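Per my numbering, numbering through the sequence shown is continuous, rising by one, with the last residue being 246. Have a look at the structure below, then the notes.
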Amino acid sequence: MANERLRAALLERGASVAGLAGAIAVDPKTVERWITKDRTPYRKHRYAVASFLEMDESYLWPEALTPQQVAAASESEIVTVYPHRWAVPRDTWGRLFTQAEREIGVLVYSGIFIAQDTGIMRTFTEKAKAGIPVRILLGDPDALEVAQGGADGGVGEGMAAQARMALTLYRPLQQVEGIEIRLHHTVLYNSIYRGDDQLLVNTHIYGKFATDAPVMHLRKVLGGDMVSTYMESFENVWAGATPVQS
């Protein structure tokens, strides 16, 4: 059987067999065998291919990595863990977004603390004007899930009120080309803040405010799948969310 994932990845990146072979210093016929005969490369070559294609090694060759290898790589994705969101240094939030060169993403119910940070809001505008897409997902104030999130988090109807306030605070960004805001109605187990391949993931805990819950600082590592899992979650919410009308 052919490795259709590898074939599709090459097409998606606009790369040829010869181009990949030259980039990782192997014979083009070897690359052909990886594709047409689904041969599994040595680990160093898998890593090189994944780096070249900017894709997960575990996606291209899901059977090649042992659970222990995936677990070890995923553990390496953890930069640090903060016991509370309020314990995350302000500079860490700033660097997450200012260092982004490809994409910025925010998935929250309200994220008011971000909207009230004029420095971060200015960064969103500057990044968007520089051609870096900024995607913001806010909770729909009228969604039952948002109301339940407020009840679970101990703020009751305050969550819906915060979501409405957030929509007002974020609305000026809609005038900036490259920034898109959508409303979601999902059960939010984590808030996700993304700058390229780095994430700050704020867990949600029953009976606790989000600011009191832990935050994981994650950085994508080839072979690991924690960051990919959270990114996939973000994309799933984005796909089902409703664009905010100007």
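We put the CB at the ideal spot given by N, CA and C, even for glycine. This one's a predicted model, so the numbers in the text were calculated from it and none came from an experiment.
Cβ neighbour criterion (16 or more within 10 Å) applied to residue i
{"i": "residue 162", "result": "buried"}
{"i": "residue 77", "result": "buried"}
{"i": "residue 91", "result": "exposed"}
{"i": "residue 202", "result": "buried"}
{"i": "residue 140", "result": "buried"}
{"i": "residue 186", "result": "buried"}
{"i": "residue 58", "result": "buried"}
Reduced DSSP secondary structure (H/G/I, E/B, other) of residue i
{"i": "residue 193", "result": "strand"}
{"i": "residue 217", "result": "strand"}
{"i": "residue 134", "result": "strand"}
{"i": "residue 101", "result": "coil"}
{"i": "residue 177", "result": "coil"}
{"i": "residue 108", "result": "coil"}
{"i": "residue 162", "result": "helix"}
{"i": "residue 243", "result": "strand"}
{"i": "residue 183", "result": "strand"}
{"i": "residue 200", "result": "strand"}
Inter-residue Cα distance where the pair is residue i and residue j
{"i": "residue 49", "j": "residue 20", "result": "7 Å"}
{"i": "residue 242", "j": "residue 192", "result": "18 Å"}
{"i": "residue 111", "j": "residue 244", "result": "16 Å"}
{"i": "residue 46", "j": "residue 8", "result": "16 Å"}
{"i": "residue 80", "j": "residue 220", "result": "13 Å"}
{"i": "residue 119", "j": "residue 113", "result": "11 Å"}
{"i": "residue 214", "j": "residue 88", "result": "9 Å"}
{"i": "residue 234", "j": "residue 11", "result": "25 Å"}
{"i": "residue 42", "j": "residue 24", "result": "12 Å"}
{"i": "residue 227", "j": "residue 142", "result": "30 Å"}
{"i": "residue 40", "j": "residue 27", "result": "15 Å"}
{"i": "residue 129", "j": "residue 29", "result": "44 Å"}
Beta carbon of residue i nearer than 9 Å to that of residue j
{"i": "residue 145", "j": "residue 188", "result": "yes"}
{"i": "residue 56", "j": "residue 2", "result": "no"}
{"i": "residue 132", "j": "residue 178", "result": "yes"}
{"i": "residue 200", "j": "residue 115", "result": "no"}
{"i": "residue 32", "j": "residue 17", "result": "yes"}
{"i": "residue 109", "j": "residue 166", "result": "yes"}
{"i": "residue 176", "j": "residue 124", "result": "yes"}
Inside the segment 14 to 94 only - alpha helix (DSSP H) runs reaching at least 4 residues | 17 to 24, 28 to 36, 43 to 53, 57 to 60, 67 to 76
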